[in-house]
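These notes are about the structure you will find just below.
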Amino acid sequence: MTGPLAITITINGEPATRAVEPRLSLADFLRAEGFTGTHVGCEHGVCGACTIRVDGRTARGCLTLAVQCDGLEVETIEGATGNGCVADLQDAFIENNALQCGFCTPGMLLTADELLQENVSPTRTEIREHLSGNYCRCTGYQAIVDAVEQVARQRAERT
Amino acid sequence: MNEHLKPSVLDRPNSYVGKTVPRPNARRLVQGCGTYVDDICLPRMVHLAFHRSAFAHAKVVSIDTDEARAVPGVVGVFTMNDIRDVITPWTGVLDHLKGIKSAEQWPLANGKVFWQGEPVAAVAAVSRAVAEDAAEQIFVEYEELTPVTDMETALAPDTPVIHPELGDNLCFHRVIDSGDVDAAFADAAAVVEDTFHFNRHTGVPMEPRSIICDYSRAEGELTLYMSVQCPHMSKNLFAKHLGLDENKVRVICRDVGGSFGIKIHTYSDEMAAGAIAVILGRPVKFIADRLESFVTDVHARDHVVKARAAFNSGGELLAIDMDDVTGIGPYSVYPRTSGIELNQVVNLTGGPYKHASYRADGKVVFQNKNVMCQYRGVGHPIAVAVGEHLMDLGARKLGLDPVDVRHNSFIPDDAYPYTSPSGAIYERQSHRQCLDKLVGIMDYAGLRDAQAQMRDRNIYRGIGFASLIEVTNPSPAFYGVGGARIASQDGCTIRLDPTGGITATTGVTEQGQGTETIIAQIAATAVGVPLDQVRVLTGDTEIVPYGGGTWASRGAGIGGEAALQAGKALKENIIALAAAILQAKPDRLDVRDGSIVDIATGQERMPLSELGGIAYFRGDTLPKDVQPELVATRHYTQRQFPFVFTNAAHACHVEVDVETGIVNLLNYWVVEDCGRVINPKLVAEQTRGGVVQGLGPALYEECLYSSEGQLLNGSLADYLVPMAAEMPDIVVDHIETPTGTSELGAKGVGEAGTAGAPAAVMNAINDALDPFGVTLTHMPFTPDKILKGLGRA
Numbered sequence: 001m002t003g004p005l006a007i008t009i010t011i012n013g014e015p016a017t018r019a020v021e022p023r024l025s026l027a028d029f030l031r032a033e034g035f036t037g038t039h040v041g042c043e044h045g046v047c048g049a050c051t052i053r054v055d056g057r058t059a060r061g062c063l064t065l066a067v068q069c070d071g072l073e074v075e076t077i078e079g080a081t082g083n084g085c086v087a088d089l090q091d092a093f094i095e096n097n098a099l100q101c102g103f104c105t106p107g108m109l110l111t112a113d114e115l116l117q118e119n120v121s122p123t124r125t126e127i128r129e130h131l132s133g134n135y136c137r138c139t140g141y142q143a144i145v146d147a148v149e150q151v152a153r154q155r156a157e158r159t
Numbered sequence: 001m002n003e004h005l006k007p008s009v010l011d012r013p014n015s016y017v018g019k020t021v022p023r024p025n026a027r028r029l030v031q032g033c034g035t036y037v038d039d040i041c042l043p044r045m046v047h048l049a050f051h052r053s054a055f056a057h058a059k060v061v062s063i064d065t066d067e068a069r070a071v072p073g074v075v076g077v078f079t080m081n082d083i084r085d086v087i088t089p090w091t092g093v094l095d096h097l098k099g100i101k102s103a104e105q106w107p108l109a110n111g112k113v114f115w116q117g118e119p120v121a122a123v124a125a126v127s128r129a130v131a132e133d134a135a136e137q138i139f140v141e142y143e144e145l146t147p148v149t150d151m152e153t154a155l156a157p158d159t160p161v162i163h164p165e166l167g168d169n170l171c172f173h174r175v176i177d178s179g180d181v182d183a184a185f186a187d188a189a190a191v192v193e194d195t196f197h198f199n200r201h202t203g204v205p206m207e208p209r210s211i212i213c214d215y216s217r218a219e220g221e222l223t224l225y226m227s228v229q230c231p232h233m234s235k236n237l238f239a240k241h242l243g244l245d246e247n248k249v250r251v252i253c254r255d256v257g258g259s260f261g262i263k264i265h266t267y268s269d270e271m272a273a274g275a276i277a278v279i280l281g282r283p284v285k286f287i288a289d290r291l292e293s294f295v296t297d298v299h300a301r302d303h304v305v306k307a308r309a310a311f312n313s314g315g316e317l318l319a320i321d322m323d324d325v326t327g328i329g330p331y332s333v334y335p336r337t338s339g340i341e342l343n344q345v346v347n348l349t350g351g352p353y354k355h356a357s358y359r360a361d362g363k364v365v366f367q368n369k370n371v372m373c374q375y376r377g378v379g380h381p382i383a384v385a386v387g388e389h390l391m392d393l394g395a396r397k398l399g400l401d402p403v404d405v406r407h408n409s410f411i412p413d414d415a416y417p418y419t420s421p422s423g424a425i426y427e428r429q430s431h432r433q434c435l436d437k438l439v440g441i442m443d444y445a446g447l448r449d450a451q452a453q454m455r456d457r458n459i460y461r462g463i464g465f466a467s468l469i470e471v472t473n474p475s476p477a478f479y480g481v482g483g484a485r486i487a488s489q490d491g492c493t494i495r496l497d498p499t500g501g502i503t504a505t506t507g508v509t510e511q512g513q514g515t516e517t518i519i520a521q522i523a524a525t526a527v528g529v530p531l532d533q534v535r536v537l538t539g540d541t542e543i544v545p546y547g548g549g550t551w552a553s554r555g556a557g558i559g560g561e562a563a564l565q566a567g568k569a570l571k572e573n574i575i576a577l578a579a580a581i582l583q584a585k586p587d588r589l590d591v592r593d594g595s596i597v598d599i600a601t602g603q604e605r606m607p608l609s610e611l612g613g614i615a616y617f618r619g620d621t622l623p624k625d626v627q628p629e630l631v632a633t634r635h636y637t638q639r640q641f642p643f644v645f646t647n648a649a650h651a652c653h654v655e656v657d658v659e660t661g662i663v664n665l666l667n668y669w670v671v672e673d674c675g676r677v678i679n680p681k682l683v684a685e686q687t688r689g690g691v692v693q694g695l696g697p698a699l700y701e702e703c704l705y706s707s708e709g710q711l712l713n714g715s716l717a718d719y720l721v722p723m724a725a726e727m728p729d730i731v732v733d734h735i736e737t738p739t740g741t742s743e744l745g746a747k748g749v750g751e752a753g754t755a756g757a758p759a760a761v762m763n764a765i766n767d768a769l770d771p772f773g774v775t776l777t778h779m780p781f782t783p784d785k786i787l788k789g790l791g792r793a
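Protein chains in written order, with our numbering: chain A, 1 to 159; chain B, 1 to 793.
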């Protein structure tokens, strides 16, 4: 086993230089740094609960190694909350009760935000397709689709 | 029905009951600021990983832990012999399930292993990664034994007995024989029958099972941070089996990432964590990974049912006769037992109907697979699917519409309260009203027309119905009478704070369904304060009143009633104090929107903040005989009936692609009756989520085992759960028939969606395939099975 490697990752705008084991996943790294909004649901890249953004693109925190992100910018739900970029989605999720236990929600929000950046007026079918890499066991998804659809409309009206 | 909707304490000027309000705890969750167990990090904490059995049935000849102990960072390695002095085994039986038996279960393998995934040895280390490294260095010599995997031959004379001390592989046997079944079948105009296979599946909460056990040697205290539905039950069980003073065990349950019945059971690995914490005297964390979850979280269902039904020529159900066998793994799960699911199946099949004759023979058998126990819906999905499929078969045989056969067979509205042939007592159900409303909102006639036209174009659409009953608001008859220390009562304490706001603590728990919200709505209404002035605390046994927690759809009906009564009592105390301060008669005062008001004019006499200030800080200004008592606790036990039943009508609309075997879910409708609706949005969302958890196992979810007892698909890549793209929008509507058992009138709603969906989608698929003369009853209805049924695979 290779020993720890020194890396610098910018987490939510703040650089962190750490010595990490090469096998450490980005999700476990972020959680150990206190960013516990990144949830670990399956550790094999299926459920989407650990979804974060790496250099602006969503990625699976459990399938990404921390050492792969040396020199990169990582954004978690804490960062996205802090800079307000998903505030409208968060409000809509609350209004529509698009979360129950909340475990999938941070990943769901970042995935939904990515969709709305790529497609300003997605159909319900497109929303459902795009969110299919993020599992929710509580809601049955309809309220999530409602919330994303509502925010798409709101964002379209604002622009 | 309307006489039941008489004005109540809830019809107040500032009532929040019956209104959709957002959940106050949702904000922290959307910000990723919840506190799930794995988010908690305690000083000196160690992490557990387990060596788990690779075999379904084997003798443990030897365990070599030397190399594991030598791994840097390992704090301890534990086999059963290392923890035997601090923990006792358990047996999952209840006195009221006559004849149920099970073997003693230990936290770690005690000489033998009985299922693949059973914990054999544990490693405590400075990190989970190190613990896993070391667990791989544990070498166990096994001597393989013949695994018993097929539940249908588990009782055969040549099948090995899994626990020789029990004599056979039968856990529980229940027989019901009511009315005159033979005569009913002899006289019937139509007799239908079928055999059903209900697949093993599991709950897959997104947050896996999680626990931190923090034992203080100095105080002899154990603090458990758990992801659990029933904190007081866990407190009792850990104290009992670790030999601790129950008063010194505290369970703290913050955010729970889904549960659905998975997190109400005793798990070997969690009990082992408790024992290891006691031995080490430092906090021990165990977080199941997803692979461990699949082989250890309780599985659900696994039934084979043979059933037949008799109808008269008018399409009235006369009798049901059924045999059920269900495989539960090697142990009846402690403390709720694995007999309850079968009990529910035989109690509830045909529940909406008036047939007088009913026979059921149910057997619960042991096997060398993971354990099976209560999961959302507990027996209902089987009971509803069997009963509702028989109704459709009867309709088909008699040439009648499935809606008409149900209407002809429902228990008459004027027959309530009604005792079913299985002995279940229904206070009042609204089957007819629900089905009528359902048929209206779905445009049934239009769908039938479209279906006929599409068939001409080789497009095969189907409509499936399910009428159902659901057990909610259980009395002590569920567990307490059987000797389990699982409370059926629950309590609520409400305190007026000096600010004029209130703080409510309740024994019912929150896993996302909205418990804290509805308790806040009820408390705000009963006391008379704005909703944003209510704080609700749950899930800490040192803070909340003793209660059962959340299971069997009891949160709103039991916890809600306790909150209502506590709120009323507090309001009385507030008014008594206000009357003394204002020198007014108490019956002239009311509390509304955070103020003492004149009851007739609504004019403010004093804000609650002022009253609170006087009570807490200026008692010197009060008359000498007045002692403010601004806190009230009330408990509630439902004891009028064993259970309070809800009911619902579901309809599912599918299109089956007969070339690929793929089922496309087009529409889904539910009309449910959970009594008084406290928050319509939350009721609808519980229903939708429940429906999807019923559709999943009917179409995709299955724990696949080899004949050697090896789980073949223990990952989320191989075990399919519903995704957003496959699920339909679900229309939910309500009928309200409040229960007369409580002043609140609320029944439960958490499980009815899951109860009805497998039946509705099965009936829809069979309706779609009717032109081919194909009837499918083997869940899940995968493309493969559908093509085989069509003779095209």
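Backbone N, C-alpha and C fix where the C-beta goes; we use that ideal spot for every residue, glycine too.
All of these numbers come straight from a predicted model, not from anything done at the bench.
TODO: Compare the C-beta of Arg153(A) against all C-beta atoms of chain B and say whether one is closer than 7 Å.
DONE: Numbered from 1 along the first sequence, position 153 holds the residue referred to as residue 153(A). No, Arg153(A) lies away from the interface with chain B (no Cβ there is under 7 Å from its Cβ).
Task: Contact the segment 353 to 364 of chain B vs the segment 316 to 336 of chain B: 3+ CB pairs below 8 Å - done: yes
Task: Straight-line Cα distance separating Val663(B) from Ala112(A) - done: Taking the first residue of the first sequence as position 1, residue 112(A) is located at position 112. Taking the first residue of the second sequence as position 1, residue 663(B) is located at position 663. Approximately 27 Å, taken between the alpha carbons.
Open item on the list: Residues of chain A with CB closer than 9 Å to the CB of Ile794(B), please, in chain order.
Closed with: Because chain B is modelled from 1 through 793, residue 794(B) falls outside the range shown and cannot be assessed.
TODO: Using a Cβ cut-off of 7 Å (strictly closer), state whether Met723(B) contacts chain A.
DONE: Against the second sequence, residue 723(B) aligns to sequence position 723. Taking Cβ atoms only, chain A reaches closer than 7 Å to Met723(B), which makes this a yes.
Open item on the list: Taking 7 Å as the limit between beta carbons, can you name the residues of its chain near Gly37(A), skipping five residues before and five after?
Closed with: Here residue 37(A) refers to the residue found at position 37 of the first sequence. Within the same chain, Gly37(A) has close Cβ partners Thr76, Ile77, Glu78 and Pro106.
Task: C-alpha gap between Pro722(B) and Trp551(B), whole angstroms - done: Here residue 722(B) refers to the residue found at position 722 when the second sequence is read from its first residue. Here residue 551(B) refers to the residue found at position 551 when the second sequence is read from its first residue. Cα-Cα distance, rounded: 23 Å.
- [ ] Grab me the residues of Leu131(A)'s own chain with a C-beta within less than 8 Å of its C-beta, minus the 5 sequence neighbours each way, in chain order.
- [x] Along the first sequence, one-based indexing puts residue 131(A) at 131. So the qualifying residues of the chain are Met108, Thr111, Ala112, Leu115, Tyr141, Ile144, Val145 and Val148.
Open item on the list: Check whether chain B comes within 7 Å of Pro106(A), counting only Cβ atoms and requiring the distance to be less than that.
Closed with: Taking the first residue of the first sequence as position 1, residue 106(A) is located at position 106. Output row for Pro106(A): interface = yes.
Task: Within-7 Å CB hit, Met442(B) to chain A - done: Locating residue 442(B) in the second sequence gives position 442, counting from the first residue. No, no contact with chain A.
Task: Buried or exposed by the 16-neighbour rule on C-beta atoms within 10 Å, applied to Ser62(B) - done: The sequence position of residue 62(B) within the second sequence is 62, counting from 1. So Ser62(B) counts as exposed.
- [ ] For Ser707(B), count neighbouring Cβ atoms within 10 angstroms of its own Cβ and tell me buried if that reaches 16, exposed if not.
- [x] Position 707 of the second sequence, counted from the first residue, corresponds to residue 707(B). By the 10 Å Cβ count, Ser707(B) comes out exposed.
Open item on the list: Suppose contacts are defined by Cβ-Cβ distances below 7 Å. Is Val192(B) in contact with Leu393(B) by that definition?
Closed with: Here residue 192(B) refers to the residue found at position 192 of the second sequence. Here residue 393(B) refers to the residue found at position 393 of the second sequence. For Val192(B) and Leu393(B), yes; Cβs fall inside 7 Å.
Task: Contact list for Arg53(A) against chain B, beta-carbon separation under 7 Å - done: Within the first sequence, numbered from 1, the residue matching residue 53(A) stands at position 53. Within chain B, no residue comes near Arg53(A); the closest Cβ sits about 13 Å away, beyond 7 Å.
Open item on the list: For a cutoff of 7 Å on Cβ pairs, would you count Phe93(A) as touching chain B?
Closed with: Locating residue 93(A) in the first sequence gives position 93, counting from the first residue. With 7 Å as the cut-off, Phe93(A) counts as an interface residue toward chain B.
Open item on the list: Could you check whether the segment 532 to 544 of chain B touches the segment 277 to 286 of chain B, counting it as contact only if at least three pairs of C-beta atoms, one from each stretch, sit closer than 8 Å?
Closed with: no
TODO: Can you grab the Cα-Cα spacing for the pair Gly423(B) / Asn347(B), in whole Å?
DONE: The count along the second sequence starts at 1 and reaches residue 423(B) at position 423. The count along the second sequence starts at 1 and reaches residue 347(B) at position 347. Approximately 7 Å between the Cα atoms of the pair.
Task: Cutoff 7 Å: Met206(B) Cβ touching any chain A Cβ - done: Position 206 of the second sequence, counted from the first residue, corresponds to residue 206(B). Yes, Met206(B) counts as interfacial toward chain A.
Task: Completely contained alpha helix (DSSP H) runs for the segment 36 to 124 of chain A, where each covers 4 or more residues - done: 77 to 83, 87 to 95 and 105 to 118
Task: 9 Å Cβ cut-off: residues of chain B touching Leu109(A) - done: Working through the first sequence from its first residue, we reach residue 109(A) at position 109. Those within 9 Å of Leu109(A) in chain B are Val30 and Gly32.
Task: Residues from the segment 670 to 686 of chain B in contact with chain A, defined by Cβ distance under 7 Å - done: Lys681, Leu682 and Glu685
Task: Chain-ordered neighbours of Asp255(B) on chain A, where CB pairs are closer than 7 Å - done: By one-based count along the second sequence, residue 255(B) stands at place 255. Under the 7 Å cutoff, chain A gives Gly102.
Open item on the list: Need the endpoints of the beta strand (DSSP E) that His299(B) sits in, please.
Closed with: As a working note, residue 299(B) is residue 299 in the second sequence. Unbroken beta strand (DSSP E) run through His299(B): His299 to Phe311.
Task: chain B within 7 Å of Leu99(A), Cβ atoms only - done: Counting from one through the first sequence, the residue named residue 99(A) turns up at place 99. At least one chain B Cβ lies under 7 Å of Leu99(A).
TODO: Closer than 8 Å by beta-carbon distance: list the chain A residues that pair up with Asp289(B), in chain order.
DONE: As a first step, residue 289(B) must be located in the second sequence, where it is residue number 289. Within chain A, the residues near Asp289(B) are Glu43.
TODO: Compute the Euclidean distance between the alpha carbons of Ala66(A) and Gly507(B), then round it to the nearest angstrom.
DONE: Position 66 of the first sequence, counting from 1, holds the residue named residue 66(A). Position 507 of the second sequence, counting from 1, holds the residue named residue 507(B). C-alpha separation (whole angstroms): 42 Å.
Task: Between the CA atoms of Gly440(B) and Gln150(A) - distance to the nearest angstrom - done: Taking the first sequence and counting its residues from 1, the one referred to as residue 150(A) is at position 150. Taking the second sequence and counting its residues from 1, the one referred to as residue 440(B) is at position 440. Roughly 28 Å between the two C-alpha positions.
TODO: With 7 Å as the threshold, decide whether the Cβ of Gly539(B) is near any Cβ in chain A.
DONE: Within the second sequence, the letter at position 539 stands for residue 539(B). No, because no Cβ of chain A sits closer than 7 Å to the Cβ of Gly539(B).
TODO: Could you name the residues that DSSP lists as bridge partners for Tyr225(B)?
DONE: On the second sequence, position 225 is the one that residue 225(B) refers to. DSSP output for Tyr225(B) lists Ile212(B) and Ile252(B) as bridge partner(s).
TODO: With distances taken Cα to Cα, identify the nearest neighbour of Val140(B) among Asn763(B), Val126(B) and Ala109(B).
DONE: Within the second sequence, numbered from 1, the residue matching residue 140(B) stands at position 140. The shortest Cα separation from Val140(B) among Asn763(B), Val126(B) and Ala109(B) belongs to Ala109(B).
TODO: Tell me where the beta strand (DSSP E) around Asn667(B) begins and ends.
DONE: Here residue 667(B) corresponds to residue number 667 of the second sequence, with the count starting at 1. Segment Val663 to Asp673, the beta strand (DSSP E) holding Asn667(B).
- [ ] State the Cα-Cα distance for the pair Met226(B) and Cys104(A), rounded to the nearest angstrom.
- [x] Within the second sequence, residue 226(B) is the residue found at index 226, counting from 1. Within the first sequence, residue 104(A) is the residue found at index 104, counting from 1. Going from the Cα of Met226(B) to the Cα of Cys104(A) covers about 19 Å.
- [ ] May I ask which residues mark the beginning and end of the beta strand (DSSP E) holding Ala552(B)?
- [x] Indexing the second sequence from 1 puts residue 552(B) at position 552. Taken as a continuous stretch (DSSP letters only), Ala552(B) belongs to no beta strand (DSSP E), as it is neither H nor E.
Open item on the list: With three or more beta-carbon pairs closer than 8 Å as the criterion, would you say the segment 760 to 770 of chain B touches the segment 570 to 587 of chain B?
Closed with: no
TODO: Using only alpha-carbon positions, find the residue among Glu516(B), Leu166(B) and Thr202(B) that is nearest to Val365(B).
DONE: Numbered from 1 along the second sequence, position 365 holds the residue referred to as residue 365(B). For Val365(B), the nearest C-alpha among the options comes from Leu166(B).
Task: Spatial neighbours of Leu5(B) in its chain, beta-carbon cut-off 6 Å, leaving aside the 5 residues before and after - done: For this step, residue 5(B) is matched to residue 5 along the second sequence. A caution first: Leu5(B) carries a pLDDT of 46, below 50, which makes its placement in the model unreliable, though a value can still be read off. No residues qualify anywhere along the chain.
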